[in-house]
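Asker:
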Amino acid sequence: MRWIDSHCHLDAPEFDADRDAVVQRARAAGVTQQVLPAVMVGNFETVRALAHRHGLAYALGIHPLCVDAAGDGDLALLRRALERHIGDPRLVAVGEIGLDHFVPGLDQARGEHFFAEQLKLAREFGLPVIVHVRRSADSLLKHLRRIEVRGIAHAFNGSAQQAEVFIGLGFKLGFGGAMTFDRALQIRRLAQTVPAECLVLETDSPDIPPHWLYRTAEERAAGATSRNEPAELARIAEVLAGLRGLSLNDLSQLTRDNTHAALPRLAALADSPA
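Count the sequence shown with numbering that gives the first Met the number 0 and you get residues 0 to 273, in order.
1. For residue 100, which of 125, 132, 79 and 247 has the nearest alpha-carbon?
2. When we look at the beta-carbon of residue 184 and count the other beta-carbons within 10 Å, is it buried (16 or more) or exposed?
3. How many whole angstroms separate the CB atoms of residue 65 and residue 38, which I take to be in contact at a CB cut-off of 8 Å?
4. Taking the C-alpha atoms as reference points, what is the distance between residue 24 and residue 96?
5. Taking only three categories from DSSP, how would you classify residue 176?
6. Indicate whether residue 175 and residue 129 have their beta-carbon atoms separated by less than 7 Å.
7. Can you pull the DSSP bridge partners for residue 132?
8. Measuring alpha carbon to alpha carbon, tell me which of 118, 153 and 112 ends up nearest residue 198.
9. Give the list of continuous beta strand (DSSP E) stretches no shorter than 3 residues that lie fully inside the segment 110-154.
10. Tell me the rounded alpha-carbon separation between residue 75 and residue 220.
11. Apart from the five residues just before and just after residue 156, which ones in its own chain have a Cβ nearer than 6 Å to its Cβ?
12. Could you spell out where the beta strand (DSSP E) holding residue 200 opens and where it closes?
13. If we ignore side chains and look at the alpha-carbon of each, how far apart do residue 164 and residue 92 end up?
14. Quick one: what does DSSP say residue 103 is sitting in, helix, strand or coil?
15. State the CB to CB distance for the pair residue 209 and residue 231, rounded to an integer number of angstroms; the pair is presumed to be in contact (CB under 8 Å).
16. Taking residue 242 and residue 225 to be in contact with their CB atoms under 8 Å, please state how far apart those CB atoms are, rounded to whole angstroms.
17. Does the beta-carbon distance from residue 146 to residue 118 come in below 7 Å?
18. Find the nearest neighbour of residue 260 within the set 235, 171 and 229, judged by alpha-carbon distance.
19. If I measure Cβ to Cβ from residue 1 and keep anything under 7 Å in the same chain, skipping five residues before and after, which residues do I get?
20. Keeping to the same chain, check which residues put their C-beta closer than 7 Å to that of residue 272; ignore five residues upstream and five downstream.
21. Determine, using beta carbons only, whether residue 234 and residue 223 come nearer to each other than 7 Å.
22. Note down, in chain order, each residue of its chain lying with its Cβ closer than 8 Å to the Cβ of residue 265, except the 5 sequence neighbours on either side.
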């Protein structure tokens with residue numbers, strides 16, 4: 000079985016001490032490919048270099064939580080980076096982009112401007128998008144109806160109706176650690192019921208740890224950590240297989256096919272390092 004982690008922030012500082020070992024553990028667990036989305040102009044080259052070093056894939060974009068700190072010229076810098084690297088087969092998407100209506104105090108007008116402009120860049124360069132959807136599905140869909148692109152709705156946690164609209168617009172839905180919690184009833188219900196051809200797997204490492212890595216506030220205060228990493232994807236996949244009543248072999252092939260459909264350039268990499 001071979002798995003694709005469709006969303007992993009391998010460049011995060013949480014991995015500075017053992018990044019190579021993290022990649023090795025992932026491969027030992029059957030995670031043969033990872034997609035590393037950028038979050039700001041300052042880490043464009045970092046994710047690109049990591050993808051080339053480890054035989055992985057990457058995306059370039061400005062994350063909604065980074066928009067307020069972004070410079071007015073950062074969209075132009077993104078365009079230049081896409082122009083420079085569009086011939087790089089490891090560049091598979093524009094991302095991580097989107098809208099976030101969960102974190103208070105964000106400049107929502109600025110966020111919508113950056114999102115719309117990045118959608119236009121994705122369409123111009125013929126790339127899919129990896130979108131951040133946190134309490135923002137309806138606002139995202141308003142833009143996606145106007146600017147036609149396809150891709151992945153990362154860490155999807157909207158309603159069944161919103162899922163249906165994303166799917167109708169050509170999006171796959173990302174499921175990861177949140178799905179492993181018994182109390183995550185809505186996410187688990189979606190994981191069970193959305194069309195099988197719309198499922199992709201992700202970890203969002205080092206974030207969204209599965210339930211077996213969860214730490215209480217008291218444990219965290221005592222120094223316990225809950226860093227997620229791409230090797231956990233194989234066990235996350237077991238949860239999804241159980242919810243869907245699928246064998247792991249069938250789920251592996253299904254989610255690989257779905258991720259390749261969402262990110263067509265990824266298929267050419269054949270899930271193996273260069």
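Beta carbons: idealized from backbone N, C-alpha and C, even for Gly.
Answerer: On the basis of the supplied data:
1. The shortest Cα separation from residue 100 among 125, 132, 79 and 247 belongs to 132.
2. So residue 184 ends up on the exposed side.
3. Cβ atoms of residue 65 and residue 38 come within 8 Å of each other, at about 5 Å.
4. About 28 Å.
5. DSSP places residue 176 in helix when its eight states are reduced to three.
6. Not a contact, by the Cβ cut-off of 7 Å.
7. According to DSSP, residue 132 bridges with 98.
8. Relative to residue 198, the option among 118, 153 and 112 whose CA is nearest is 153.
9. The segment 110-154 contains, as complete beta strand (DSSP E) runs of 3+ residues, the segments 128-133 and 150-153 (chain order).
10. Taking the straight line joining both Cα atoms gives about 42 Å.
11. The residues 186, in chain order, have a CB closer than 6 Å to that of residue 156 in the same chain once the five nearest residues on each side in sequence are set aside.
12. Counting along the chain, the beta strand (DSSP E) containing residue 200 begins and ends at 198-200.
13. One alpha carbon belongs to residue 164, the other to residue 92, and they sit about 21 Å apart.
14. The answer is coil: DSSP assigns residue 103 none of H, G, I, E or B.
15. About 6 Å; that satisfies the 8 Å criterion.
16. Going by Cβ atoms, the distance from residue 242 to residue 225 rounds to 22 Å, so no, they are not a contact pair.
17. Yes, Cβ-Cβ distance for residue 146 and residue 118 is below 7 Å.
18. Of the candidates 235, 171 and 229, 171 places its Cα closest to the Cα of residue 260.
19. Apart from the 5 residues on each side of it in sequence, residue 1 sits with its Cβ closer than 7 Å to the Cβ of 29, 31, 251, 255 and 270 in its chain, given in chain order.
20. A caution first: residue 272 carries a pLDDT of 45, below 50, which makes its placement in the model too unreliable to give a value.
21. Their beta carbons are not under 7 Å apart, which means residue 234 does not touch residue 223 by this criterion.
22. The answer, listed in chain order, is 3, 32, 34, 56, 91, 258 and 259.
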